[in-house]
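Participant: The numbers in this note's numbering rise by one with no breaks, and the one at position 292 of the sequence shown is 296.
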Amino acid sequence: MKRRDFLKSAPLVAGASAASTFARVPQNQPAPDSGKGTLPGKIALEEHFMLPDFVEYFEETYPNISPEIAKMGLGVLPDLGDKRIEIMDRNGIDFVVLSLAGPGVQVERDAAVALRKSKSANDFLAREIQKRPSRYGGFAHLAMHNPVHAAGELERCIHDLKFQGAMINGQTNGEYLDLDKYSVFWERVAALEAPIYLHPANPVDRPAAYAGHTELWGPVCSWAFETAVHALRLVFAGVFDRYPKARLVLGHMGETLPLNLWRFDSRWMVCNRGSRTLPQMPSFYIKRNIAITTSGVCADAPLRCALDAMGEDNVMFSVDYPFEKTELAAQFIEHAKISENERIKVASENAKRILHLDRRIG
Ligand code: MN
């Protein structure tokens, strides 16, 4: 069996039985069609594409990135054909969950335009997935301007288009996902058990802390902190207490959260909480309701920290294509200083369970 056929034939179920599926895969020989990898085929889930209608939104990130990477991105992102597949094959990646490169309609002011465009992007992606169902999955692109519409579109994408969840690029017109108006959305997220990948983007304002430092505005610094704060807003607002089955995914080794779990708990006890209460400690919800990916971080120390802090079931491989080098990310996870059990979980097993890839068959 070719490794890429695993989605069609392997009994993809959670927990021990999924692990035993891979226990039968020889760990010391390259799989027949992998080229170089020794792992079962990897799954990656922060892998972007672009549509012409969304380039003007992507241009909003130009102040955050170098002109070279913007140009490279626009050149590579539209391809969903043989070139992308060839890069996956060369690096032992069997399956990617595709998402529109940000910020997308999160920065569209007109709610009706945002909804229309998001639906057309999802329809396009569904057609592309149909061409290569054993290689591509999808995250829905959602207009969060109207939470009821967003919940409806998420359900359509999960039930009708067979997507794996949704990717949301930060705040929408200054509003964050912990606001009461989004309860209807989180209720649906929990009911569908559809993971929500919270992807970095800019806030609406530019804090004085970044004045005069363009290098800190974007992937070096501000995106991680903006995204970490957004995730913590959800935790401390009790979203995961109210919706225990809601799950968030954070990229970039958890956007600094894993390093700080102890301190979140410790200082929660002494900070000015206002009227906020949580039945459990903050770290309880972070570990239960948030999973992270290795996207854009290829270093052993943060990976070790992430596995220890979040648990070995909550860390998933990703690349952040095309903004990160696929070969570097693949080589990193294949040789990282972690146990073989952890490596298999990070490379594919955790993603299969968290993304409900078993829904794709049968
Ligand atoms: Mn990304």
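Note that the Cβ used here is the ideal one computed from N, Cα and C, for glycine as well.
Give the range of the beta strand (DSSP E) segment to which H145 is assigned.
Facilitator: Position 141 of the sequence shown, counted from the start, is the residue given in the question as residue 145. Counting along the chain, the beta strand (DSSP E) containing H145 begins and ends at Y140 to H145.
Participant: Counting Cβ pairs, one atom from each stretch, are 3 or more of them under 8 Å apart for the segment 206 to 218 and the segment 239 to 250?
Facilitator: For the pair of segments examined, the segment 206 to 218 was found not to touch the segment 239 to 250: the number of CB pairs separated by less than 8 Å stays below three.
Participant: Helix or strand or just coil, what does DSSP make of F327?
Facilitator: The count along the sequence shown starts at 1 and reaches residue 327 at position 323. In this structure, F327 counts as coil in the three-state DSSP scheme.
Participant: From the DSSP output, in three-state form, read off V4 for me.
Facilitator: No answer is possible for residue 4: the residues shown for the chain start at 5 and end at 366.
Participant: Along the alpha helix (DSSP H) that carries V243, what are the first and last residues, could you check?
Facilitator: Along the sequence shown, read from residue 1 onward, the residue named residue 243 stands at position 239. Its alpha helix (DSSP H) spans residues V243 to R246.
Participant: Does the beta-carbon of R367 have 16 or more other beta-carbons within 10 angstroms, so that it is buried, or is it exposed?
Facilitator: Shown here, the chain extends from 5 to 366; a query on residue 367 therefore has no answer.
Participant: Judging by CA-CA distance, which residue of D93, K123, E328 and R347 is the nearest neighbour of H256?
Facilitator: The residue you call residue 256 lines up with position 252 of the sequence shown. Per the Cα distances, E328.
Participant: Out of F143, G178, K249 and T281, which has the shortest C-alpha to C-alpha gap to H234?
Facilitator: Looking up residue 234 in the sequence shown gives position 230. The option with the nearest alpha carbon to H234 is G178.
Participant: Mind checking whether the beta-carbon of D324 lies closer than 7 Å to any heavy atom of the ligand MN?
Facilitator: Mapped onto the sequence shown, residue 324 falls at position 320. Answer for D324: yes, Cβ within range of the ligand MN.
Participant: Quick one: any contact between the segment 113 to 128 and the segment 69 to 77, if contact means 3 or more CB pairs under 8 Å?
Facilitator: no
Participant: Give me the residue from A250, A147, F62 and G278 with the minimum Cα distance to A198.
Facilitator: Here residue 198 corresponds to residue number 194 of the sequence shown, with the count starting at 1. Ranking the options by Cα distance to A198, first place goes to A250.
Participant: Could you tell me which uninterrupted alpha helix (DSSP H) segments, each at least 4 residues in length, are contained entirely in the segment 112 to 164, listed from first to last along the chain?
Facilitator: 115 to 135 and 151 to 163
Participant: Could you check if Y289 is buried or exposed, using at least 16 other CB atoms within 10 Å of its CB as the buried criterion?
Facilitator: As a working mapping, residue 289 is identified with position 285 in the sequence shown. Buried is the call here.
Participant: Kindly indicate which three-state DSSP category M1 falls into: helix, strand or coil?
Facilitator: With the chain covering 5 to 366 only, the question about residue 1 has no answer from this structure.
Participant: Excluding the five sequence neighbours on either side, which residues of its own chain have a C-beta within less than 6 Å of the C-beta of R363, listed in chain order?
Facilitator: Mapped onto the sequence shown, residue 363 falls at position 359. Counting only Cβ-Cβ distances below 6 Å, and skipping sequence neighbours, we find nothing.
Participant: Considering only their Cβ atoms, is the gap separating N206 from E230 smaller than 8 Å?
Facilitator: As a position in the sequence shown, residue 230 is number 226, starting the count at 1. As a position in the sequence shown, residue 206 is number 202, starting the count at 1. Closer than 8 Å, so yes.
Participant: Would you tell me roughly how many angstroms separate the C-alpha atoms of Q31 and Y325, rounded to the nearest one?
Facilitator: Translated into positions along the sequence shown, residue 31 becomes position 27. Translated into positions along the sequence shown, residue 325 becomes position 321. Caution is warranted here: a pLDDT of 39 is assigned to Q31, below 50, making its placement in the model unreliable, and no coordinate value can be reported.
Participant: Please name the residue, chosen from P137, I73 and G142, that lies closest to A125 on a Cα-to-Cα basis.
Facilitator: Sequence index remark: in the sequence shown, residue 125 carries index 121 (1-based). The candidate whose alpha carbon is nearest that of A125 is G142.
Participant: Helix or strand or just coil, what does DSSP make of G77?
Facilitator: Here residue 77 refers to the residue found at position 73 when the sequence shown is read from its first residue. Correct three-state label for G77: helix.
Participant: State the DSSP-derived secondary structure class of T231, mapped to helix, strand or coil.
Facilitator: Taking the first residue of the sequence shown as 1, we reach residue 231 at position 227. T231 falls in the helix class under three-state DSSP.
Participant: Can G174 be considered in contact with the ligand MN, in the sense that its beta carbon sits closer than 7 Å to one or more heavy atoms?
Facilitator: Mapped onto the sequence shown, residue 174 falls at position 170. No, the beta carbon of G174 sits no closer than 7 Å to any heavy atom of the ligand MN.
Participant: Please report the distance separating the alpha-carbon of I348 from that of G85.
Facilitator: Taking the sequence shown and counting its residues from 1, one reaches residue 348 at position 344. Taking the sequence shown and counting its residues from 1, one reaches residue 85 at position 81. Computed Cα separation, rounded: 27 Å.
Participant: Are there 16 or more other CB atoms within 10 angstroms of the CB of A305, so buried, or fewer, so exposed?
Facilitator: Sequence index remark: in the sequence shown, residue 305 carries index 301 (1-based). Counting Cβ neighbours within 10 Å, A305 comes out exposed, since fewer than 16 surround it.
Participant: Count the other C-beta atoms from every protein chain shown that fall within 10 angstroms of the C-beta of N276, then say buried if there are 16 or more, exposed otherwise.
Facilitator: Residue numbering aside, residue 276 sits at position 272 when the sequence shown is read from its first letter. Exposed, by the Cβ-count rule.
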